[in-house]
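Visitor: Questions regarding the structure given below will be posed in turn.
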Amino acid sequence: IYRVVLRYAGQDHRVELRKQAELSVDEVEILRKRLSRWQGLPILRAIRDNPGLRAPDLAASFGKETLPFKAQVRRLKELGLTESLRVGYRISPRGSEFLQQLERQ
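Count along the sequence shown from 1, then add 5; that gives the number in our numbering.
Written as structure tokens, this is what we have:
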């Protein structure tokens, strides 16, 4: 017999993070460096350009397996740059501002 105890751990911090669209120059640079280490920027742009596209279809467009691709998208979610939809993903206000600032540079 196992006993499982669940408790409310609080609101998901990513919900508030993805709403924070005001990014300083330093924050943009930190995010750019983090994403460049694992090539997250092309994935973020693909999500922006294809909102709601299923993960397997997005993964295939990069020549990746679905599960490793989803792990990369989870990294983007942790940074507040994307959010999951019922099917697929979309870019968050924070992610949109991040890409706009990069493109202005």
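Every residue, glycine too, gets a C-beta built ideally from N, C-alpha and C.
Got a sec? Which residues, its chain only, sit under 8 Å from Gly68 by beta carbon, not counting five neighbours each side?
Guide: Cβ neighbours of Gly68 beyond the five flanking positions: none.
Visitor: Quick check on Ile96: does DSSP put it in helix, strand or coil?
Guide: Of the three classes helix, strand and coil, the one that applies to Ile96 here is strand, per DSSP.
Visitor: Can you give me the C-alpha to C-alpha distance between Glu27 and Leu84, rounded to a whole angstrom?
Guide: When rounded, the distance between both Cα atoms is 14 Å.
Visitor: In the DSSP output, which residue or residues are listed as bridge partners for Ser89?
Guide: Ser89 pairs with Tyr94.
Visitor: Output the residue ranges of the alpha helix (DSSP H) runs that lie fully inside the stretch 49-92 and measure 4 residues or longer, sorted by chain position.
Guide: The qualifying runs are 60-66, 71-83.
Visitor: Do you know offhand how far Gln16's Cα is from Leu22's?
Guide: Each residue's alpha carbon lies about 11 Å from the other.
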